[in-house]
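Notes follow once the structure below has been shown.
Protein chains: 4
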Amino acid sequence: MTRYHRIAAQDLGRLGALSDGIFAVAMTLLVLDLHVPAGEAWHERSLWSAGAVSDEQPVWHALTHVGPQFLICLLGFLTLGMFWIGQQTQLNLMDRADRSLTWIHLMFLFGICLVPFATALLAAFPQSRLALLVYWADLLYLGLVQLAALRYARRAGLLAEHTGPEDLTAIRRRIGIVQLLYAAAVVLCPISTYLSIGLIIALQVNSAVSPPIHPFDRF
Amino acid sequence: MTRYHRIAAQDLGRLGALSDGIFAVAMTLLVLDLHVPAGEAWHERSLWSAGAVSDEQPVWHALTHVGPQFLICLLGFLTLGMFWIGQQTQLNLMDRADRSLTWIHLMFLFGICLVPFATALLAAFPQSRLALLVYWADLLYLGLVQLAALRYARRAGLLAEHTGPEDLTAIRRRIGIVQLLYAAAVVLCPISTYLSIGLIIALQVNSAVSPPIHPFDRF
Amino acid sequence: MTRYHRIAAQDLGRLGALSDGIFAVAMTLLVLDLHVPAGEAWHERSLWSAGAVSDEQPVWHALTHVGPQFLICLLGFLTLGMFWIGQQTQLNLMDRADRSLTWIHLMFLFGICLVPFATALLAAFPQSRLALLVYWADLLYLGLVQLAALRYARRAGLLAEHTGPEDLTAIRRRIGIVQLLYAAAVVLCPISTYLSIGLIIALQVNSAVSPPIHPFDRF
Amino acid sequence: MTRYHRIAAQDLGRLGALSDGIFAVAMTLLVLDLHVPAGEAWHERSLWSAGAVSDEQPVWHALTHVGPQFLICLLGFLTLGMFWIGQQTQLNLMDRADRSLTWIHLMFLFGICLVPFATALLAAFPQSRLALLVYWADLLYLGLVQLAALRYARRAGLLAEHTGPEDLTAIRRRIGIVQLLYAAAVVLCPISTYLSIGLIIALQVNSAVSPPIHPFDRF
Numbered sequence: 000m001t002r003y004h005r006i007a008a009q010d011l012g013r014l015g016a017l018s019d020g021i022f023a024v025a026m027t028l029l030v031l032d033l034h035v036p037a038g039e040a041w042h043e044r045s046l047w048s049a050g051a052v053s054d055e056q057p058v059w060h061a062l063t064h065v066g067p068q069f070l071i072c073l074l075g076f077l078t079l080g081m082f083w084i085g086q087q088t089q090l091n092l093m094d095r096a097d098r099s100l101t102w103i104h105l106m107f108l109f110g111i112c113l114v115p116f117a118t119a120l121l122a123a124f125p126q127s128r129l130a131l132l133v134y135w136a137d138l139l140y141l142g143l144v145q146l147a148a149l150r151y152a153r154r155a156g157l158l159a160e161h162t163g164p165e166d167l168t169a170i171r172r173r174i175g176i177v178q179l180l181y182a183a184a185v186v187l188c189p190i191s192t193y194l195s196i197g198l199i200i201a202l203q204v205n206s207a208v209s210p211p212i213h214p215f216d217r218f
Numbered sequence: 000m001t002r003y004h005r006i007a008a009q010d011l012g013r014l015g016a017l018s019d020g021i022f023a024v025a026m027t028l029l030v031l032d033l034h035v036p037a038g039e040a041w042h043e044r045s046l047w048s049a050g051a052v053s054d055e056q057p058v059w060h061a062l063t064h065v066g067p068q069f070l071i072c073l074l075g076f077l078t079l080g081m082f083w084i085g086q087q088t089q090l091n092l093m094d095r096a097d098r099s100l101t102w103i104h105l106m107f108l109f110g111i112c113l114v115p116f117a118t119a120l121l122a123a124f125p126q127s128r129l130a131l132l133v134y135w136a137d138l139l140y141l142g143l144v145q146l147a148a149l150r151y152a153r154r155a156g157l158l159a160e161h162t163g164p165e166d167l168t169a170i171r172r173r174i175g176i177v178q179l180l181y182a183a184a185v186v187l188c189p190i191s192t193y194l195s196i197g198l199i200i201a202l203q204v205n206s207a208v209s210p211p212i213h214p215f216d217r218f
Numbered sequence: 000m001t002r003y004h005r006i007a008a009q010d011l012g013r014l015g016a017l018s019d020g021i022f023a024v025a026m027t028l029l030v031l032d033l034h035v036p037a038g039e040a041w042h043e044r045s046l047w048s049a050g051a052v053s054d055e056q057p058v059w060h061a062l063t064h065v066g067p068q069f070l071i072c073l074l075g076f077l078t079l080g081m082f083w084i085g086q087q088t089q090l091n092l093m094d095r096a097d098r099s100l101t102w103i104h105l106m107f108l109f110g111i112c113l114v115p116f117a118t119a120l121l122a123a124f125p126q127s128r129l130a131l132l133v134y135w136a137d138l139l140y141l142g143l144v145q146l147a148a149l150r151y152a153r154r155a156g157l158l159a160e161h162t163g164p165e166d167l168t169a170i171r172r173r174i175g176i177v178q179l180l181y182a183a184a185v186v187l188c189p190i191s192t193y194l195s196i197g198l199i200i201a202l203q204v205n206s207a208v209s210p211p212i213h214p215f216d217r218f
Numbered sequence: 000m001t002r003y004h005r006i007a008a009q010d011l012g013r014l015g016a017l018s019d020g021i022f023a024v025a026m027t028l029l030v031l032d033l034h035v036p037a038g039e040a041w042h043e044r045s046l047w048s049a050g051a052v053s054d055e056q057p058v059w060h061a062l063t064h065v066g067p068q069f070l071i072c073l074l075g076f077l078t079l080g081m082f083w084i085g086q087q088t089q090l091n092l093m094d095r096a097d098r099s100l101t102w103i104h105l106m107f108l109f110g111i112c113l114v115p116f117a118t119a120l121l122a123a124f125p126q127s128r129l130a131l132l133v134y135w136a137d138l139l140y141l142g143l144v145q146l147a148a149l150r151y152a153r154r155a156g157l158l159a160e161h162t163g164p165e166d167l168t169a170i171r172r173r174i175g176i177v178q179l180l181y182a183a184a185v186v187l188c189p190i191s192t193y194l195s196i197g198l199i200i201a202l203q204v205n206s207a208v209s210p211p212i213h214p215f216d217r218f
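Protein chains in written order, with numbering that gives the first Met the number 0: chain A, 0 to 218; chain B, 0 to 218; chain C, 0 to 218; chain D, 0 to 218.
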């Protein structure tokens with residue numbers, strides 16, 4: 000290892016700040032994809048035509064057009080939120096970074112940047128098993144990179160003193176359970192891709208709400 | 000509660016940084032929506048045609064085209080600014096986060112990402128009561144999530160030592176007054192949606208300027 | 000003043016972070032406006048047509064097309080850089096914020112978000128005095144808001160202990176000189192708007208380079 | 000030097016935060032360029048037409064369309080990641096900034112904002128030596144500005160106490176080796192631009208992976 004490699008990329012705070020920036024841009028752009036359909040705005044129609052004032056139909060039309068996109072936005076937002084919490088929790092277990100951990104984390108962030116694309120593909124082709132596999136491949140990739148980062152941090156001695164082995168076990172178990180449930184949902188796609196998608200959404204909503212009812216509070 | 004849930008998402012600073020990122024992107028993109036109308040730039044016309052040098056008409060045209068959008072930008076910016084101050088004030092009362100507070104705050108940020116869409120819808124259909132209701136629903140949702148975050152933080156013991164009950168009362172009263180005034184403005188929409196919109200804008204400008212005159216300094 | 004107003008928006012660090020986010024988005028989007036002209040990429044032409052391998056003409060065409068935009072990007076980037084340094088220096092003189100200072104700073108950031116629009120307008124109509132006035136109005140607005148923020152911070156007792164009156168004088172003089180030079184450049188627009196634009200660009204390059212030669216090291 | 004120049008832009012943390020924001024936006028937008036090709040989504044075709052459920056062809060088509068863009072995204076992401084690590088390492092050697100260092104760093108960030116454009120140009124014209132030269136010019140520019148920043152920081156006494164001369168040597172050697180390898184790759188372009196591009200990609204992947212095998216662990 001060269002001296003450059005020893006002094007490079009030590010700053011955990013900067014890595015967290017870069018992550019926050021990437022998550023913030025991805026989350027905001029996901030939702031900014033919602034657009035008022037063009038060509039229906041009031042100034043395109045006569046203001047004084049009969050009934051114009053009380054005519055709510057174009058607004059209903061715009062809202063029903065946006066409806067499905069809205070659900071997809073929410074799904075993408077929940078997915079990004081879950082992984083944001085995951086990576087924040089991981090970085091908090093460490094007290095410094097090094098160049099390899101930084102590159103592993105950058106590869107994680109690359110997977111995060113792909114979430115909007117994978118979500119949009121699934122939204123465009125909800126009946127396609129291939130689109131579902133692409134979406135799932137991204138989730139699986141993110142899980143594997145998280146495990147790799149944890150493993151590397153332990154071996155390279157980057158963990159903070161307050162981090163005990165039971166913390167590592169808790170995170171590994173957590174990632175394992177979530178990934179198993181994703182895989183189980185995807186395995187059901189020969190029955191119906193809608194069933195798989197519905198299960199993934201349910202899993203992510205459960206993860207956000209985390210209701211205090213056994214066994215739903217476990218993942 | 001699993002051990003993962005106990006160690007996850009403790010970092011209040013990271014939550015603030017993510018919020019700052021999302022607000023920054025939303026605010027900037029709101030204003031970047033302003034565009035010089037295409038097809039009017041000078042290089043599309045002959046440079047040497049008679050009067051070209053002193054011909055200011057296309058510029059006036061571009062500016063009058065952009066005018067109403069500019070007002071909407073400003074309205075959206077003020078709304079985002081008000082909620083940014085609100086959430087910053089809230090987070091400053093706490094000294095740590097947990098997983099549930101983080102999810103509540105993420106749901107708040109989701110509502111923030113919707114502000115540009117709701118504003119654009121209202122701008123496209125200023126005479127529509129439905130568009131006004133959608134806009135107001137977002138404001139109401141944001142207020143309710145703020146109250147939920149405050150309530151949760153108190154119950155879960157996340158508040159800092161320097162936070163007294165009078166601080167909580169002040170914030171709750173503040174949110175309550177603003178939301179009541181929004182609702183009052185919306186109730187007037189059967190008279191005219193323009194009246195409602197005007198009142199909401201006046202309320203937000205007042206909130207920014209906060210003139211030292213009773214009772215305008217109260218909200 | 001209500002209790003809410005006393006506890007709201009105290010955090011100078013968060014204000015800085017929001018500013019950094021807004022500047023970062025504005026700067027990046029400014030440059031991302033550069034596009035490779037569509038319809039000229041190699042895959043649109045036959046790969047195996049005679050001379051395709053050594054045909055550099057479409058690349059030259061793309062680069063010359065992008066050339067003027069590149070200069071405008073650079074101008075916008077320098078302007079944003081100058082104001083970023085200005086507001087960072089200001090915030091460093093204070094040791095806390097309050098709600099009014101935060102709103103003044105938010106209004107400053109609104110002006111920052113308008114810089115790309117004003118720059119694009121000037122680029123589309125370089126011969127128009129009106130476009131030049133719009134651009135200058137934004138610069139003037141930013142300068143005035145900076146002075147207002149400084150004045151407010153002094154009166155409200157937000158300045159840090161290490162801040163002496165000579166620091167305030169230095170900043171005020173600096174803003175005054177730059178604004179005077181801007182105004183002088185704009186006053187020359189009846190001769191030629193190109194002259195005014197050239198002088199503004201020269202002023203901003205000088206501000207970035209700050210050559211160690213009197214009097215160019217003064218602004 | 001005026002008093003303004005002495006007090007301006009001292010804050011290294013703010014400079015880091017601005018950099019993180021710019022890198023985050025550039026990285027995310029690079030990947031968000033991936034789009035599901037329009038006009039192929041399922042709702043454009045009849046849901047109940049024969050075989051619609053199992054028809055994966057439009058998804059394959061969308062993915063093969065996106066494939067080359069995906070590789071370019073990854074290349075751009077690796078480039079940005081490498082320079083992000085480089086500038087973070089540099090800033091960590093210093094313990095304060097001044098106005099000149101800030102401007103040098105802003106010029107570095109301007110070059111960073113150009114990376115997506117240069118990458119897209121190369122992707123559109125992979126057989127063009129001119130496009131390759133533009134791409135390489137940006138990489139060279141970034142390396143030279145990094146060296147200039149280091150040199151300035153040393154002369155202006157901005158380095159932290161923990162920074163020894165061997166750290167500076169390590170960084171300088173690192174930048175020198177990488178730039179030499181870039182130049183060597185570009186020199187081979189008369190043979191084939193694809194060879195040059197392949198070597199640059201290989202160099203960047205090696206830089207990310209940094210395999211523990213001599214001599215590949217040196218750069």
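Don't be surprised by glycine CBs; every beta carbon is placed ideally from N, CA and C.
Measure the C-alpha to C-alpha separation of residue i and residue j and round it to an integer number of angstroms.
{"i": "Q68 of chain D", "j": "N91 of chain B", "result": "43 Å"}
{"i": "R128 of chain D", "j": "A184 of chain A", "result": "49 Å"}
{"i": "L113 of chain B", "j": "L31 of chain A", "result": "8 Å"}
{"i": "G142 of chain B", "j": "H4 of chain A", "result": "49 Å"}
{"i": "E160 of chain C", "j": "W102 of chain C", "result": "23 Å"}
{"i": "R2 of chain A", "j": "G75 of chain D", "result": "26 Å"}
{"i": "D54 of chain D", "j": "A201 of chain D", "result": "37 Å"}
{"i": "I199 of chain B", "j": "Y181 of chain B", "result": "6 Å"}
{"i": "Y140 of chain C", "j": "L79 of chain C", "result": "14 Å"}
Residues of chain B with a CB under 9 Å from the CB of residue i: which are they?
{"i": "M26 of chain A", "result": "L17, G20, I21, V24, L105, L108, F109, C112"}
{"i": "Q87 of chain A", "result": "A7, A8, Q9, D10, R13, L14, L17, T101"}
Residues of chain C with a CB under 9 Å from the CB of residue i: which are they?
{"i": "A207 of chain B", "result": "W102, L105, M106"}
{"i": "A155 of chain D", "result": "Those within 9 Å of A155 of chain D in chain C number zero; the least Cβ separation is about 12 Å."}
Since residue i and residue j are thought to touch, with beta carbons under 8 Å apart, how far apart are those beta carbons, to the nearest angstrom?
{"i": "I71 of chain B", "j": "A122 of chain B", "result": "4 Å"}
{"i": "A169 of chain D", "j": "V58 of chain C", "result": "The Cβ separation is near 38 Å, so there is no contact."}
{"i": "G66 of chain D", "j": "D19 of chain C", "result": "Going by Cβ atoms, the distance from G66 of chain D to D19 of chain C rounds to 36 Å, so no, they are not a contact pair."}
{"i": "V144 of chain B", "j": "F116 of chain B", "result": "The pair is not a contact, with the Cβ atoms about 17 Å apart (cut-off 8 Å)."}
{"i": "F22 of chain B", "j": "I111 of chain B", "result": "7 Å"}
{"i": "Q126 of chain A", "j": "T192 of chain A", "result": "6 Å"}
Run down chain B in chain order and give the residues with a C-beta less than 8 Å from the C-beta of residue i.
{"i": "T63 of chain A", "result": "Ordered by position in chain B, no residue passes the 8 Å Cβ test against T63 of chain A, which lies about 12 Å from the chain."}
{"i": "R128 of chain C", "result": "E55"}
{"i": "V133 of chain A", "result": "What V133 of chain A touches in chain B: nothing, since even the nearest Cβ is about 25 Å away."}
Closer than 8 Å by beta-carbon distance: list the chain C residues that pair up with residue i, in chain order.
{"i": "F82 of chain B", "result": "Within chain C, no residue comes near F82 of chain B; the closest Cβ sits about 12 Å away, beyond 8 Å."}
{"i": "L120 of chain B", "result": "Chain C residues near L120 of chain B: none, gap ~21 Å exceeds 8 Å."}
Using a Cβ cut-off of 8 Å, pull out every chain D residue sitting near residue i, in sequence order please.
{"i": "F69 of chain A", "result": "None at all; the shortest Cβ gap to chain D is about 15 Å."}
Please compile the residues from chain E whose C-beta is within a distance smaller than 7 Å of the C-beta of residue i.
{"i": "A169 of chain D", "result": "Chain labels in this structure do not include chain E; the protein chains are A, B, C and D."}
Which residues of chain D have a Cβ atom closer than 7 Å to the Cβ of residue i, listed in chain order?
{"i": "R173 of chain C", "result": "Y3"}
At 9 Å on the CB atoms, spell out the chain D contacts of residue i, in chain order.
{"i": "W59 of chain C", "result": "L129"}
At 7 Å on the CB atoms, spell out the chain C contacts of residue i, in chain order.
{"i": "L33 of chain B", "result": "F116"}
Whose Cβ in chain A lies nearer than 8 Å to the Cβ of residue i?
{"i": "R95 of chain B", "result": "Result: empty, since nearest Cβ-Cβ is about 11 Å, beyond 8 Å."}
- prompt: Between the region 177–206 of chain C and chain B, which residues of the former have a C-beta closer than 7 Å to a C-beta of the latter?
  reply: none
message: For a minimum of 4 consecutive residues, which ranges assigned as the alpha helix (DSSP H) are wholly contained in the region 128–181 of chain B?
response: 128–154
Residues within the region 142–166 of chain D neighbouring chain A, beta-carbon criterion of under 8 Å: E165, D166
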